[in-house]
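Notes to accompany the following structure.
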Amino acid sequence: MSDISDEELASLNRAIFNRYGMDFSNYEPISFKRRVARVISRYQLENSIGLWRKILSDGQFIYTFIDEITVGLTEMFRNHEFWLRMRSDILLQFQPRSSLRIWHAGCSTGEEVYSMAILLLEEDLIHKVKVVATDLNSQSVQLATAGTFSGMYMGAYQKNYRAAGGKKTLEAYYTPEGDAMRFNKIPRQNFKFYQHNLVKDPMTERFDIIFCRNVMIYFDEVLKLNVLRLFHQCLPAGGFFVIGFYDAMPDGYRQYFELYDPNTKTYRKV
Ligand SMILES: C[S@@+](CC[C@H](N)C(=O)[O-])C[C@H]1O[C@@H](n2cnc3c(N)ncnc32)[C@H](O)[C@@H]1O
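Structural data, given as structure tokens:
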């Protein structure tokens, strides 16, 4: 794989920003460089200039590039300990309330959203919930909206679901369509899916719980703090904020959030 210098990366980022308004300049440089190098080799582009040309000359390729860079790896009920805690503690705190607003920031293809929706249904909260699910990658958002996942993973998801305290079987929530499973047995009138870039787009809605799991892993410290500020604005005091098991909060996060549960990486707004 080709080595990419900081200068090459900076000019690539500038070109993408000028042309498409997408800013990757605060993505964590080591993994960003690794991914850019992988795109260069996978699409036989020789070097970063070849990539730069391809991105500028082929308006569709920018989406392929985003796909490759953002790697939307996800699964249903990922890290079942987290979902158990969500079910047995956090959601119970919303039982007496009349409404519950949730934002899945960086939802990828939606597996996390449908996992949470199943919990909301099983804990009898679905009728009072409003859910917003967003991602930078518009193809992922389309897939998340459809709620159709490959049947290949259902065995693993079923196991995760059970470990997460699942009350039925996953079959209760989907209809098979060829090799895929469409999760169409969950009421979704109050679910909105749309493209949103955490780096630059504002968010005017307000939430009680924000998920941003396995997204900040790609951001440097400056960008993480900017994004935390955005989440802080969108939550009431005491509102919940959840990150992924491998995510790390930036130095200085304590002015915005306090740790609620270290085992599930859950925080509350201060
Ligand atoms: C590894 S997936 C995480 C999916 C899900 N939250 C989970 O934990 O299973 C990371 C997602 O972050 C999204 N992402 C990366 N940069 C983003 C940005 N600037 N704004 C919004 N989403 C972003 C990617 O497109 C990708 O779908």
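Residue numbers (our numbering): -3 to 266. Ideal placement from N, C-alpha and C gives every residue a C-beta, glycine not left out.
Distance between residue 232 and residue 41, taken at the CA atoms: about 48 Å. For residue 117, the enclosing alpha helix (DSSP H) has its first and last residue at 107 to 118. Remark: the C-beta of residue 66 is in contact range of ligand 1, defined as less than 6 Å to any heavy atom.
A distance criterion of 6 Å places the beta-carbon of residue 260 beyond contact range of ligand 1, judged by its closest non-hydrogen atom. Going by C-alpha positions, residue 64 is about 30 Å away from residue 160. Less than 7 Å separates the beta-carbon of residue 223 from that of residue 194.
Taken in chain order, the complete beta strand (DSSP E) segments of 3 or more residues contained in the region 90 to 172 are 96 to 101, 125 to 131 and 144 to 146.
The beta carbon of residue 171 sits closer than 6 Å to those of 178 and 180, all from its chain and outside the five residues before and after it, given in chain order. A distance below 7 Å separates the beta carbons of residue 236 and residue 86. Around the CB of residue 3, fewer than 16 other CB atoms lie within 10 Å, so the residue is classed as exposed. Linking residue 119 to residue 145 through their CA atoms gives a straight-line distance of about 23 Å. Collapsing the DSSP output to three states places residue 176 in a strand.
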